[in-house]
Amino acid sequence: MNAYLGEIVALITAVCWSFTSLLFTVAGKQVGSRLVNRVRLLLAMPFLAIAHLLLQGEVLPVHVELSRWGWLGSSAIIGLVMGDGLLFYAFTLIGTRLSMLLMTLAPVISTLLAWVFLDETLSLVEIGAVIVTLSSVAWVVSERGNSGPANSDPRNYVIGVLCGIGGAFGQALGLILSKQGMAGGFPALSASLIRVSVAAVVIWLWALAQGQVRPTIEGLRNRRARRAIVGGSLAGPFVGMTLSLAAVQLTHVGIASTLMSLSPVLLLPLVHWIFKERISQRAIVGTVAAMVGVAMILWT
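Heads up: the sequence shown begins at 420 in this note's numbering, then just goes up one per residue.
If you want it as structure tokens, here you go:
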């Protein structure tokens, strides 16, 4: 079993992220996606700070160069504030499954951005993988009668899809910026803590400017939403992120990344059981095909 410990940890990480997306969907439908994004960042900070204290010996990486704060802070605003904000809104419009399927576009977008801005060349396999992933996602999303909360309103469905794509773009660009901020072997846990801290400060200052602090606190009186946000913050930014770091350390990065990206596949039975969503054969085949495309990119 120890020989496959890294693979097992990576699979558990995918499960954690699947449940995180489900819990945030439930909370978003109750109190709104913006409130969920604000509160989960605030909750993630102490979880990460405790882990950082135990593993790095300090609560915050206060001695980090300003240039790293700049790169990681920019990635936080684009990825965690804007990108995740769009993703959480997509959860409420088109559901968890389709939203997470659209997030499989993030590796494709990252590959294309790295090609344009970082001069990283694309192999024939990577080009083929991009085509497979894009066409598979488009095939699923364009299915008539696709199950989801916005089916009765085509306009909401289109907005939800665009928000999902925007979330994938935000995550991809955030990762590109994070890569610059982590250059030279900077610890991933420290980078995560910096990103979450910056994102939390920015999103709460924006909430203060809009007069949304009090409504956010009042929204937390919703017990079901409150429990879902706390559970999602534990499963995702804390447990999921920690396990993802462990998986990368215990096995090859390509293997770990591929297994951790299986959330859309795991969500197929979960949304059927929990939300009673009908899953068509087209959705299953298209989702699996998209995962194959992602695996081709990550393994290249």
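By construction, the Cβ of each residue, glycine as well, lies at the ideal position given by its N, Cα and C atoms.
If you look at residue 629, you'll find it isn't in any alpha helix (DSSP H); DSSP assigns it neither H nor E.
Straight-line measurement puts the Cα of residue 686 at about 16 Å from the Cα of residue 711. The criterion of a C-beta distance shorter than 8 Å is not satisfied by residue 459 and residue 634.
Residue environment: residue 465 is assigned as exposed (fewer than 16 neighbouring CB atoms within 10 Å of its CB, all protein chains considered). The beta carbon of residue 455 lies closer than 7 Å to those of 443, 446, 447, 507 and 648 in the same chain, with the five residues before and after it left out. Between residue 525 and residue 591, the C-beta spacing is below 8 Å. Spanning the alpha carbons of residue 707 and residue 630 requires a straight line of approximately 44 Å. Contact check for residue 498 against residue 593 passes: the beta carbons are separated by less than 8 Å.
Residue 545 places its beta carbon less than 8 Å from that of residue 716.
The Cβ-Cβ distance between residue 513 and residue 580 falls below 8 Å.
Secondary structure note for residue 530: its alpha helix (DSSP H) is the uninterrupted segment 524-536. For residue 539, the CB contacts under 7 Å within the same chain, skipping 5 residues up- and downstream, are 533 in chain order. Minimum Cα-Cα distance from residue 503 among the listed residues 521, 489 and 486 corresponds to 521.
Cβ-Cβ separation between residue 669 and residue 473: approximately 18 Å, too far for a contact (criterion under 8 Å).
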